[in-house]
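Chemist: Once you've had a glance at the structure underneath, I'll fire off some questions.
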Amino acid sequence: MKWFVLIVVVCAGGAGAWWYMHNRNGAVVAYELAEVTRGPITVTISASGTINPVATVLVGSQVSGRIQDLYADYNSVVTAGQVVARLEQSPFRTRVRQSEASVAKAKAAVAFAKATLARQQMLAGKNFASQADLDDAQAKYQQAVAEEMQAQAQLESAQIDYEHTTIYSPVDGIVQSRSVDVGQTVAASLQAPTLFTIAADLSKMQIEAKVDEADVGQVEVGQPVSFTVDAFPERTFTGTVFQVRNSPVMDQNVVTYDTIVRVDNEELRLRPGMTANVTVLVAGRDNALRVPNAALRFRPASAQPRAQGAAAGRPAARTGAEAGRKPGPTVYTLRNGAPEPVEVTTGLADVSYTEIVSGLEESEAVIIAQTSGKSADARAQTVNPFVPSRPGRRR
-9 MKWFVLIVVV
1 CAGGAGAWWY
11 MHNRNGAVVA
21 YELAEVTRGP
31 ITVTISASGT
41 INPVATVLVG
51 SQVSGRIQDL
61 YADYNSVVTA
71 GQVVARLEQS
81 PFRTRVRQSE
91 ASVAKAKAAV
101 AFAKATLARQ
111 QMLAGKNFAS
121 QADLDDAQAK
131 YQQAVAEEMQ
141 AQAQLESAQI
151 DYEHTTIYSP
161 VDGIVQSRSV
171 DVGQTVAASL
181 QAPTLFTIAA
191 DLSKMQIEAK
201 VDEADVGQVE
211 VGQPVSFTVD
221 AFPERTFTGT
231 VFQVRNSPVM
241 DQNVVTYDTI
251 VRVDNEELRL
261 RPGMTANVTV
271 LVAGRDNALR
281 VPNAALRFRP
291 ASAQPRAQGA
301 AAGRPAARTG
311 AEAGRKPGPT
321 VYTLRNGAPE
331 PVEVTTGLAD
341 VSYTEIVSGL
351 EESEAVIIAQ
361 TSGKSADARA
371 QTVNPFVPSR
381 PGRRR
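Residue numbers (my numbering): -9 to 385.
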């Protein structure tokens, strides 16, 4: 009796397992479809960069000295020729006076040497002076003239240094930074120390965007650019690619190329040093025939096993033209309830859509996803393990 009960339980369990596998394999396959539509496709490149003025001028001092007065500060609006700073002038004024005295002394020496030469020439004409005396008077006169010229040059140099104690703005603009304070000593030895940094025109700015080497080949001068800054996250600004520099920039083994984007800043909202998130429009189509990118990625469940079977078994014969042609992109349409491959020619592609050049018409439906379930081929292969198989049929 116990053996009989055990046999009944085993048979019932096997039959239940077979019924579950049979019904699971027989599940109806459902597909998610998308319509072939027309719409815009934009191909963009993303980068980041820093906003800077188009022209920045460093205002420095050509002479060493102590800062006596400052007439400009941060954000001061200055004009070309406006006094922005002045060094202590008393040491330079004293040097000018010393040079003037040296010039006067040199002129007196020239006058004396000239008179002496004239007397020696008169005496030599009457044979009262030797030729040696005449030559000596001539040499002293020439020496006095040279010393006068040297003293005059030193005076001009002292006057120029004195003029350099007053520092002017070379351009119209806005003071971006100030590097000195009143009373500070500046030393102009090998190069002029910087006192101010002046942005020539903040209404015209530029972005120095770093474009990855993989994308730089698509960037060209004149392409439109949109960008955002953290200070105004809800606003999108626009600009134009002005220059793509050939000099590479390597940072941690990553190669980028500086791309200059010119930007109008009439409202003066953009400030130097801001970080810009840049998007360059490299290509676009307003009324392109397009499908979702998922349609090109979709493959039905039966496609992979068939491909593997063809590779392992007897592949179908192909003509010479077909054998030499590389298969193009493929999408699937639903025909008679089953996926049917359609080879297409694609064009532009963005993050959501791909342009269809040929192979599909507008309003056709393509498969973009498959729900859970198996195909009719899988159902046809379902076998009851408790029923003997027919001759010639595998279990």
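Ideal placement from N, C-alpha and C gives every residue a C-beta, glycine not left out. Predicted, not measured: the structure shown is a model, and the values here were computed from it.
For the candidate residues 203, 177 and 361, whose alpha-carbon lies nearest to that of residue 289?
Modeler: 361
Chemist: Contact between the segment 63 to 78 and the segment 124 to 135: three or more CB pairs below 8 Å?
Modeler: No, they do not touch.
Chemist: Alpha carbon to alpha carbon, how far is residue 227 from residue 342? Give it in angstroms, no decimals.
Modeler: 23 Å
Chemist: Indicate the three-state DSSP secondary structure (helix, strand or coil) for residue 244 in the structure shown.
Modeler: strand
Chemist: Tell me the DSSP secondary structure of residue 254 in three-state form.
Modeler: Correct three-state label for residue 254: strand.
Chemist: Between the C-alpha atoms of residue 282 and residue 33, what's the straight-line distance to the nearest angstrom?
Modeler: 15 Å
Chemist: Give me the residue from 340, 286, 359 and 338 with the minimum Cα distance to residue 332.
Modeler: Of the listed residues, the one whose Cα sits closest to residue 332 is 286.
Chemist: Taking a contact to mean a Cβ-Cβ separation below 8 Å, would you say residue 218 touches residue 234 in this structure?
Modeler: no
Chemist: To which residues of the same chain is residue 25 closer than 7 Å at the C-beta, ignoring the five residues directly before and after it?
Modeler: 353 and 355
Chemist: Could you compute how far the alpha carbon of residue 321 sits from the alpha carbon of residue 35?
Modeler: 27 Å
Chemist: Please state whether DSSP places residue 115 in a helix, a strand or coil.
Modeler: Looking at residue 115 - three-state DSSP - the assignment turns out to be helix.
Chemist: If you run the structure through DSSP and keep just helix, strand and coil, what is residue 65?
Modeler: coil
Chemist: Would you report the Cα separation of residue 180 and residue 165, rounded to the nearest angstrom?
Modeler: 25 Å
Chemist: What first and last residue would you give for the beta strand (DSSP E) that runs through residue 195?
Modeler: 194 to 202
Chemist: On the DSSP bridge assignment, give the partners of residue 81 in chain order.
Modeler: DSSP, once it has assigned bridges, lists no residue as partnering residue 81.
Chemist: Quick one: grab the DSSP three-state call for residue 371.
Modeler: Reliability of the predicted coordinates at residue 371 is poor, the pLDDT of 38 falling under 50, and the value obtained from them is presented with this limitation in mind. Residue 371: coil per DSSP, three-state reduction.
Chemist: Is residue 245 near residue 231, with beta carbons less than 8 Å apart?
Modeler: no
Chemist: When the Cα of residue 278 is compared with those of 340, 55 and 159, which residue comes out closest?
Modeler: With respect to the C-alpha of residue 278, the residue from 340, 55 and 159 having the closest C-alpha is 340.
Chemist: Could you name the residues that DSSP lists as bridge partners for residue 146?
Modeler: In DSSP, residue 146 forms no bridge with anything.
Chemist: What are the start and end residues of each continuous beta strand (DSSP E) run of 3 or more residues lying completely inside the segment 17 to 50, in chain order?
Modeler: 21 to 25, 27 to 43 and 46 to 50
Chemist: Quickly, what does DSSP pair residue 267 with across the bridge? List them, please.
Modeler: In the DSSP assignment, residue 267 forms a beta bridge with 38 and 218.
Chemist: Any idea which residues DSSP pairs residue 260 with across the strands?
Modeler: For residue 260, no pairing in a beta bridge is given by DSSP.
Chemist: Which of the three DSSP states, helix, strand or coil, is assigned to residue 60?
Modeler: It is a strand residue.
Chemist: In the DSSP assignment, what residue or residues form a beta bridge with residue 167?
Modeler: 187
Chemist: Could you tell me which of 272, 100, 158 and 55 sits nearest to residue 68, measuring between CA atoms?
Modeler: 158
Chemist: Assuming contact is defined by CB atoms lying nearer than 8 Å, are residue 174 and residue 57 in contact in what I supplied?
Modeler: A Cβ-Cβ contact shorter than 8 Å links residue 174 with residue 57.
Chemist: Could you check the C-alpha separation between residue 92 and residue 141 for me, to the nearest Å?
Modeler: Looking at the two C-alpha atoms, the distance is approximately 6 Å.
Chemist: Secondary structure at residue 303, three-state DSSP: helix, strand or coil?
Modeler: Low confidence applies here, because residue 303 scores a pLDDT of 41, under 50, leaving its location unreliable and the question unanswered by this model.
Chemist: Check residue 237 in the structure and name its three-state DSSP category.
Modeler: strand
Chemist: Measuring CA to CA, which of 182, 256, 263 and 247 is closest to residue 55?
Modeler: 182
Chemist: Alpha carbons only, please: which of 127, 112 and 60 is nearest the one belonging to residue 100?
Modeler: 127
Chemist: Pick from 337, 125, 64 and 38: whose alpha carbon is nearest that of residue 185?
Modeler: 64
Chemist: Taking residue 161 and residue 47 to be in contact with their CB atoms under 8 Å, please state how far apart those CB atoms are, rounded to whole angstroms.
Modeler: 5 Å
Chemist: Apart from the five residues on each side of it in sequence, which residues of its chain come closer than 7 Å, Cβ to Cβ, to residue 137?
Modeler: If we look at residue 137 and ignore the five residues flanking it on each side, its Cβ neighbours are 96 and 99.
Chemist: State the CB to CB distance for the pair residue 191 and residue 45, rounded to an integer number of angstroms; the pair is presumed to be in contact (CB under 8 Å).
Modeler: 7 Å
Chemist: Under a Cβ-count criterion, where at least 16 other Cβ atoms within 10 Å of its own Cβ denotes burial, should residue 222 be classed as buried or exposed?
Modeler: exposed
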